[in-house]
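Novice: Counting with this note's numbering, you get residues 79 to 307 for the letters of the sequence shown.
Where a beta carbon is used, it is the ideal one built from N, C-alpha and C, also for glycine.
The structure presented is a predicted model; accordingly, all values stated were derived computationally and were not measured.
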Amino acid sequence: MPSLRFLGHSAVQVRDGDQKVLIDPFLTGNGLAPVSAAEVEATAIVLTHAHNDHLGDSVAIARRTGAEIVAIYEIAAWMGQQGLQAHGMSIGGGFNFPWGWVKLTPAWHGSTYQDEKGHFITLGTPAGVLLRMGGSLLYHAGDTALFSDMSLIGRHGVDLALFPIGDNFTMGPDDALEAVKLIRPKVVVPIHYNTFPVIQQDAAAWKARVEAETGARCVVLQPGEVLDY
Ligand code: NI
Ligand code: MN
């Protein structure tokens, strides 16, 4: 049974046996992060999009650990230019890695990285991530608006879904509640809230609504907490 450790914002570490897969490892500058980029363990890194609060510390972590980066083709190619090992995919495509199956799904958002000089680099389109490890299917929605094709993602049979609820940059609580109804996961965890003043939300109130209106169990994880799924 895999486990999910919440690292604050949209960053998580999925563990299954010896495998430690980071998704969107934004740790430096993430005031909620329970671990530093210099210490976090990773055997692979999966990215939903290139925004700095998602691509985050990927380059430094991959350099230190040798973790392979999995992302949309343009991010992967850019990582390759940094001398890192990266595997490019595109929306709708799945691939079996030795450590798990990944499929990139649509997301309505942007995907521009701002480098240390402040220059914006557009790196493909944003994505969501389906990740099957240890027989369980995780859906990380990335940053996205609500869209009705989430019902097509739901047909994969999602065990655990991570939805942004922060509003302003992504779905807010109302739309994220509708997303739960379209994906129909067994368990849902809210992410991408309370990191910055503009995305403050009441996760306990959202949990109550999810459990009253859908068949899903909602678990509000504090940064550093772990959930088996
Ligand atoms: Ni974003
Ligand atoms: Mn974001």
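Span of the alpha helix (DSSP H) holding Val-288?
Specialist: Element bounds for Val-288: 281-291.
Novice: Grab the span of the alpha helix (DSSP H) containing His-132 for me, first residue to last.
Specialist: Segment 130-133, the alpha helix (DSSP H) holding His-132.
Novice: Going by beta-carbon coordinates alone, are Ala-257 and Phe-274 separated by less than 8 angstroms?
Specialist: No, these two residues do not count as a Cβ contact at 8 angstroms.
Novice: Only counting the same chain, and skipping five residues up and downstream in sequence, which positions put a Cβ closer than 6 angstroms to that of Ala-89?
Specialist: Excluding residues within five positions, the ones whose Cβ falls inside 6 angstroms are Asp-102, Pro-103 and Phe-104.
Novice: Which parts of the region 209-254 are runs of the alpha helix (DSSP H), unbroken and 4 residues or longer, counting only runs that do not cross its ends?
Specialist: Listed in chain order, they are 228-232.
Novice: Counting only runs of 4+ residues fully inside the region 130-173, write out the alpha helix (DSSP H) ranges in chain order.
Specialist: Counting only runs of 4 or more, we get 130-133, 136-143 and 151-159.
Novice: With distances taken from CA atoms, which of Phe-175, Ala-281 and Pro-184 is nearest His-218?
Specialist: The residue with the shortest Cα to Cα distance from His-218 is Pro-184.
Novice: For Ala-149, collect the residues of the same chain with a Cβ closer than 6 angstroms to its Cβ; drop the 5 residues on either side in sequence, then sort them by chain order.
Specialist: Here the set comprises Leu-125.
Novice: How big is the Cα-Cα spacing for Ala-294 and Lys-259?
Specialist: Whole-angstrom Cα-Cα distance: 9 angstroms.
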